[in-house]
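One structure is given here, and the rest of the page talks about it.
Protein chains in written order, with the numbering used here: chain C, 1 to 192; chain B, 1 to 334; chain W, 1 to 554.
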């Protein structure tokens, strides 16, 4: 029965030479497997400046409504409230442009008085305006991304006419498109 | 014994302070060694350069900083407790233990240790500590204090017996109840650790129970009775209890070295050399106790009592018998 | 069908009417009226030895209430369940209790009495389970007089210290022995325990109500957060129910990855339990060592999924992220290190003289009581009962065509047996993991399929079961054709095991109480999922009560 105590003593003496605790922040070269932070670790968000077009798909799919979008006259801002985020990663999975990633950074605390004082990761994109009425429509990058994707996926026979349509339609807001559609004279099925 | 002069009074007051700092160092060693064995780090012995500004060069006196922090906090008194007894029992223990520290030699230097009955005085005063635990725990009106003080009383039955019998077997071998005389006898002959190892082992195990180290920390079992007799203590009163525990470890280890290891004296060297030897032997004994502390879980109270009767008491009684036989058959050694 | 056909014919003859059978869910539904409930319960639990796994009450608004008794027959044939549904009118929601016939129903009926206006008549202990005993209205019960005074309030602990002879010790709601909040009022005679009253509800968060406001795919993330230790199992059980509703069969590769996650979680949970058990007997070194071994498992989680806990890999229809390539080799290596460290830990626990002394011969649970009171998980397997949902209703890759493994049982029934069962299960789980990783390395295929539109769900209610590290976990999901579930009922394994505690604790000393409580592996986060917090008018509204209404005034 005392064999267990002997075995435990040997184990403990081995532990004394190699403690598990390392200095903060964990360094990769200290002790090998026990201190690595994996690259896939889900931490703070990072919006890619160019790839994120501001479509807002992440705001719809977020599990805890942590990502919100707000429009001003000139730009649309997507903002992630770190205090509400559960780091599930659905926003990263759904993004069509791969413009949002979760970096391994985990130090996200901040002094504040209320829950609304948490860190917010923000990204703004410029909004396009309607040529006719002047209201803001969609983010410019989103329009370009749609154009690119349509060009990749449609039947090549319709390429020219659809591009001509897009050239006109994408300059107006949905209301103006509706009211002035007769004057555009580009729709192939319209008889004139 | 002549009347004490001013120098001897001054030295007697100086000794408890030295014992206190020794106790702090022993407390640090327990924390550091048990942490390292569990693959943690423990308080820093040498603080890394980036943190030296805030933390200082070393954290060797970490138990002292904890006591100072506790002294600055307020102590809450339960409204239904017996307030007089609750507030005074830590101070009773403190007075007992300071006087006992004045009698215990540190590296063979102690004026009062040459008193003829110093061994009896030390053992008697050390009884004040569990006494205070029991009273304080019963006076605090919480069920944890009551159960904790019951357990402390039962455990006291367990460890006091081998402690006293082993101490008296050494006194028999040296033919004196004065600690200074015991040290002097060992200085000319062999240390009693080699001549009477049974009593040494019994004394060591009894000390582990006295200091509430595992496997005998039954009165302060955290998961069962929160903190036992000291549950309701906080702030200044808890600081006094921590000071008492610091003195206790210094006195117990010092007593062990005085009785069994010739107080740190190395034969053939002068008395001044006993100071580093005393420190080294103290650290070694605390190392052994910490290893036992780290390797074991906690006993249940009835298992602890049965074990105490079975092993250490029998060892201590055999040590006593051995001591008498030694005196009878080898009188040349004494 | 085979064997189940014989069962159903026999039940048909005995109980009289025809049953509705929903193919694909293998659940038989039997509709009856409230007078026949006791006779059916007596027959099913007596001769058939069916297990009553839960009693649910669904509120159907103007149509009244539905009381559903879920019986499980999967010891006779795989996947077979038998549900008895009773419709109660809205103006008279009363039904007789079956707690004297089947003790397993006792806590489920108490929970449903608190959530809905349904009354179970002649329940032996109708006190509140989650809400405070005296709020919003005290319930008369003879058990109360041992533990509350005549105003219905629990007496303050201070006046117990004077009565040393038969004192009332509060273990909780805040106590170093508990990881989460629970309240055991223990009656002591010296140091021997004579009676225990279990009161829970300190961790309630209203999860079953939160499910009703979230779509199915968001519900997966909510299910993950019911418990911090068994995240993956809650999502697996929930998805078992939802995928049955939609008639979805997930691809093979997704099955293997789900099993991989579930078994890794079992290993981590059992290692954590070992550490906590060591801490409860005072063995702090074992605590540190087992948490060090557990770090390897958490590192595996992080490299596979991106997060140490709440890995969020499961989604409706399969898995979100594939496991292939170099990460399999790294995982295998880490698994070998973890196995070596666990082997050392097992040797220490077996051979240290003091651990055996503290753990043996206490908290005995014999086989008859285990079957009667409905113990689940390692608590039941340590009494010699071969009960494992992974073999009686196989899901993911646990069936015999995917992996081979054995159920671990032990005969003793005391705390030592439960320790041994959990330690051996770690080794069995490591074996399953090696098989899964090999299969993943050698096969290819899709990892998920398209989820069905909720309007096209084939069934409108389903039962999903999984084997959590603590036992059998049951999700009962009711849909109404929209993309939001109508109602979700969860029965966790700790709910069942905590009801055994009074039986286990009587006669032991206070020093043994922590390890006995710890040996059933209580997870109070799983157990407490209170539904509504009513306001002081005791109406069934979901107003959040203010803190002044919740204090024990004394």
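Ideal Cβ placement from N, Cα and C applies to all residues, glycine included. All of these numbers come straight from a predicted model, not from anything done at the bench.
Asked	Found
Anticipated Cβ contact below 8 Å, residue 207 of chain W with residue 226 of chain W, distance rounded	6 Å
Within chain B, partners of residue 338 of chain W - CB distance below 9 Å	Here the premise fails: no neighbours, minimum Cβ distance about 15 Å.
Three-way DSSP call (helix, strand, coil) for residue 77 of chain W in this model	coil
Other residues of its chain near residue 156 of chain B: CB distance less than 6 Å, five sequence neighbours each side excluded	130
Range of the contiguous alpha helix (DSSP H) that encloses residue 294 of chain W	284 to 305
Within 9 Å of chain W by C-beta, residues of the stretch 214 to 235 of chain B in sequence order	214, 215, 217, 218, 221, 222, 223, 224, 225, 226 and 227
Among W:401, W:527, W:68 and W:100, nearest to residue 391 of chain W - alpha-carbon criterion	W:401
Continuous beta strand (DSSP E) stretch holding residue 80 of chain C: start and end	75 to 81
Positions along the stretch 271 to 291 of chain W whose CB lies within less than 9 Å of some CB in chain B	278, 279, 280, 281, 282, 283, 284, 285, 286, 287, 288 and 289
Simplified DSSP state of residue 113 of chain C, which is helix, strand or coil	coil
When W:127, W:338, W:404 and W:459 are compared against residue 486 of chain W, the one with the closest alpha-carbon	W:459
Pair within 8 Å by beta-carbon distance, residue 317 of chain W and residue 215 of chain W	no
Cutoff 6 Å; reference residue 132 of chain C; Cβ partners in own chain excluding five residues on either side	172 and 176
Beta-bridge partners of residue 54 of chain W, as assigned by DSSP	W:70
Inter-residue spacing [alpha-carbon to alpha-carbon] between residue 412 of chain B and residue 154 of chain B	Absent from the structure is residue 412 of chain B, since the part of chain B shown begins at 1 and ends at 334.
C-beta atoms of residue 199 of chain W and residue 168 of chain W nearer than 8 Å	no
Contacts that residue 8 of chain C makes with chain W (C-beta to C-beta distance below 7 Å)	348 and 352
Rounded straight-line distance, which links the Cα of residue 182 of chain B to that of residue 5 of chain B	24 Å
Which residues DSSP lists as bridging residue 29 of chain W, in chain order	W:20 and W:83
Residue 527 of chain W: first and last residue of the uninterrupted alpha helix (DSSP H) it sits in	524 to 527
Helix, strand or coil at residue 128 of chain C [DSSP, three-state]	strand
Residue(s) in a DSSP beta bridge with residue 148 of chain C	Paired residue(s): none; residue 148 of chain C is not in a bridge.
Distance between residue 273 of chain W and residue 555 of chain W (C-alpha atoms, nearest Å)	Coverage of chain W is limited to positions 1 through 554, which leaves residue 555 of chain W absent and any answer about it impossible.
Simplified DSSP assignment, three categories, for residue 98 of chain W	coil
Straight-line Cα distance separating residue 514 of chain W from residue 436 of chain W	37 Å
Contact set between residue 326 of chain W and chain C, taken where Cβ atoms lie within less than 8 Å	The contacting residues do not exist; residue 326 of chain W stays about 12 Å from chain C at best.
For residue 75 of chain C, the nearest candidate out of C:53, C:88 and C:145 (CA to CA)	C:53
Own chain partners of residue 335 of chain B with C-beta closer than 7 Å, once the 5 adjacent residues on each side are dropped	This structure cannot settle anything about residue 335 of chain B, because the visible part of chain B is limited to 1 through 334.
Backbone secondary structure at residue 326 of chain B - three-state DSSP	helix
Limits of the unbroken beta strand (DSSP E) element including residue 183 of chain W	183 to 189
Within-8 Å CB hit, residue 315 of chain B to chain C	no
One or two residues paired with residue 198 of chain W in a DSSP bridge	W:184
Residue 560 of chain W and residue 418 of chain W closer than 8 Å at C-beta	The structure shown does not extend to residue 560 of chain W, since chain W is modelled only from 1 to 554, so the question has no answer here.
C-beta neighbour in chain W for residue 172 of chain B, strict 8 Å	no
Under 7 Å by beta carbon: chain C residues contacting residue 36 of chain B	16 and 19
Residue 199 of chain C: first and last residue of the uninterrupted alpha helix (DSSP H) it sits in	Because chain C in this structure spans residues 1 to 192, residue 199 of chain C falls outside the shown range and cannot be described.
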